[in-house]
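Residue numbers (this note's numbering): 85 to 548. The beta-carbon is built from N, C-alpha and C at its ideal position, and this holds for glycine as well. To start, the structure itself, in C-alpha cells.
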C-alpha cells in the first residue's frame with residue numbers, strides 16, 4: 085500500500101471514529117451545519133440533492149435538536165427528497181427513486197401537491213421496475229391528493245396518471261381519467277399537457293381497436309405540438325403515428341415513420357424514445373417477415389431498455405424477440421425465451437403481457453403437437469386477457485382453443501370455444517367469419533386429416 089493510499093484510508097477511518105465519538109446531539113448539529121453548507125452551492129443543487137435530504141433526515145432523527153433547526157429542516161426535507169427523486173429518475177436509478185418517493189409520499193411536512201406528485205410518480209416508477217401490481221393504488225392516491233390543486237396542475241397529474249395506466253392496459257381507468265382531464269387541460273393546462281393527454285387517450289383507443297378515433301387524436305396532438313414548436317413532443321406523436329400505421333397493417337408507412345423517429349431521437353440523445361421506436365421497428369420487421377432484421381433491432385431495444393433500467397419495455401421487446409427467433413427456425417430457443425418472458429410478466433403482475441406471452445408459448449406447443457401443455461397455457465392467456473379487459477386477445481385465444489380442439493379431435497372443446505369466440509367478436513362489432521378463423525380452420529382440418537391418414541397407414545402396417 086502506497087503512502088498516499090494509506091493516508092486516505094486512515095483519514096476515512098479517523099473521520100468515522102471522530103464522528104462516532106460525538107454525542108447524538110452533537111452529530112445532529114453537525115448534520116444541520118453540513119446541510120446549510122451544502123445549500124451555499126446552488127450550482128450543484130441537483131448533484132447534492134440526496135446529500136441534502138440525508139443530512140436533514142439524520143439531523144431530525146435527534147429528538148433534542150433545537151426547535152428552530154427542526155422546524156426549518158422539517159420543511160426543507162420534502163423539497164430535497166423531490167429533487168433527489170427527480171435526479172434518480174433522470175439517471176434511470178429507478179430503485180433509488182422509488183425509495184425516495186416512498187419517503188416523500190409519507191412525509192408529515194409534505195404539501196398536498198408534493199404528496200400527490202410523489203404518489204403518481206411512485207406509480208410510474210413501479211411500472212418501470214415491472215411492479216405493475218403496486219402501481220394503480222399509488223396512482224389513485226395521488227389523484228385524490230391533487231383534487232385541491234389549480235386546474236393546470238391537476239390536469240398535468242391526471243395526464244401523467246393516464247399515461248402510466250395506459251402502459252399496463254388499464255383501459256377503463258384511462259378513459260375515465262382522460263375524460264376528466266380534457267376540460268381541465270383546455271382551461272388551464274399548457275400545450276404540453278394537451279399533447280400528452282391526446283397521446284395517452286389515443287393509445288387507449290388503439291387498445292380498443294378504435295383506429296379512426298386514435299388517428300384523429302394523434303393528428304390533433306401533432307397540430308398542437310407543431311403550433312407550440314415542441315420538437316420533443318412532435319417526435320413522440322410521430323412515433324405513435326408509426327405504431328398506429330403498424331396496427332393498421334401499413335407496414336411500409338410504419339417503417340418510414342419509425343426510421344425517421346429513430347434518426348432524430350439518436351441525434352437528440354433521447355434514449356427513452358429511441359428504445360421504444362427501435363423495438364417497434366423490430367416488430368414491424370417481423371410483420372414484414374424480415375425476421376433477422378427484426379431480431380437485431382429487438383436486441384438493440386432490449387439493450388437500451390436495460391440501460392434505462394426499464395423492465396417493462398425490456399419485457400415487451402423480449403416478447404417480440406420470441407417471434408423473430410421462432411420464425412428463424414430456432415424453435416427450442418424460442419420456447420426458452422417465451423418461458424422467460426412469461427415468467428417475467430407473471431412476476432411483474434402484468435396481465436396483458438401474461439396474456440400475450442402465455443398465448444404465444446401455447447401456439448408454439450400447439451404447432452409441435454404438445455396438446456395438453458398448449459391447453460394449459462392457452463387457458464392462462466385467456467384468463468389474463470379477461471382480467472385486463474383485452475377483448476381482442478380474448479377472441480384470439482378462444483379461436484386458438486377451438487383450433488386446438490379441431491387438431492386434437494376434441495369436438496366439445498372445438499365447438500365450445502368457437503361459439504365463445506363468435507360472441508366475443510360480436511361484442512367487438514366484428515364477425516368470426518371475418519377473423520383468422522376460417523383460413524386457420526381449413527389449414528388445421530387439413531393437418532388433422534393428414535395425421536389421421538398417417539396413423540391409419542401405421543395401423544394397417546402393424547396389422548400386416
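Mind checking residue i: buried by the 16 CB within 10 Å criterion, or exposed?
i, result
"residue 339", "buried"
"residue 369", "buried"
"residue 189", "buried"
"residue 529", "exposed"
"residue 246", "buried"
"residue 520", "exposed"
"residue 484", "buried"
"residue 498", "buried"
"residue 420", "exposed"
"residue 108", "With a pLDDT of 47 at residue 108, under the threshold of 50, the predicted position of this residue should be treated as unreliable, though the coordinate-derived value follows. When all chains shown are included, residue 108 counts as exposed."
"residue 257", "buried"
"residue 527", "exposed"
"residue 162", "buried"
"residue 336", "exposed"
"residue 358", "buried"
"residue 291", "buried"
"residue 333", "exposed"
"residue 307", "exposed"
"residue 561", "The question about residue 561 has no answer, for the chain in this structure spans 85 to 548."
"residue 493", "exposed"
"residue 215", "buried"
"residue 152", "exposed"
"residue 534", "exposed"
"residue 139", "buried"
"residue 174", "exposed"
"residue 513", "exposed"
"residue 353", "exposed"
"residue 205", "buried"
"residue 219", "buried"
"residue 105", "With a pLDDT of 37 at residue 105, under the threshold of 50, the modelled position of that residue is not reliable, and the figure given next carries that caveat. Answer is exposed; the Cβ neighbour count stays below 16."
"residue 293", "exposed"
"residue 133", "buried"
Given a cut-off of 8 Å, decide if residue j and residue i are closer than it, judged by their beta-carbon atoms.
i, j, result
"residue 263", "residue 230", "no"
"residue 261", "residue 235", "no"
"residue 428", "residue 408", "no"
"residue 445", "residue 426", "yes"
"residue 418", "residue 400", "no"
"residue 301", "residue 289", "yes"
"residue 253", "residue 472", "yes"
"residue 346", "residue 329", "no"
"residue 486", "residue 469", "no"
"residue 279", "residue 305", "yes"
"residue 455", "residue 488", "yes"
"residue 324", "residue 342", "no"
"residue 169", "residue 184", "yes"
"residue 248", "residue 283", "no"
"residue 209", "residue 166", "no"
"residue 490", "residue 430", "no"
"residue 226", "residue 203", "yes"
"residue 449", "residue 424", "no"
"residue 393", "residue 382", "no"
Need the endpoints of the alpha helix (DSSP H) that residue i sits in, please.
i, result
"residue 452", "Taken as a continuous stretch (DSSP letters only), residue 452 belongs to no alpha helix (DSSP H), as it is neither H nor E."
"residue 293", "Segment: none, residue 293 is in no alpha helix (DSSP H) and carries neither H nor E."
"residue 408", "395-411"
"residue 224", "219-229"
"residue 374", "No alpha helix (DSSP H) holds residue 374; DSSP gives it neither H nor E."
"residue 244", "235-251"
Does any residue of chain C have a CB that is nearer than 8 Å to the CB of residue i?
i, result
"residue 146", "Among the protein chains of the structure shown there is no chain C, as only one such chain exists."
May I have a chain-ordered list of the alpha helix (DSSP H) segments no shorter than 4 residues that lie completely inside the segment 253-286?
Taken in chain order, the complete alpha helix (DSSP H) segments of 4 or more residues contained in the segment 253-286 are 255-272.
Contained beta strand (DSSP E) runs [length at least 3] in the segment 153-209, N- to C-terminal order
Segments of the beta strand (DSSP E) lying fully in the segment 153-209: there are none.
Where are the alpha helix (DSSP H) runs, 4 residues long or more, that stay fully inside the segment 293-372, in chain order?
Fully enclosed alpha helix (DSSP H) runs of 4 or longer: 295-311, 315-331, 335-351 and 355-371.
Which parts of the segment 426-504 are runs of the beta strand (DSSP E), unbroken and 3 residues or longer, counting only runs that do not cross its ends?
You should have found no qualifying run.
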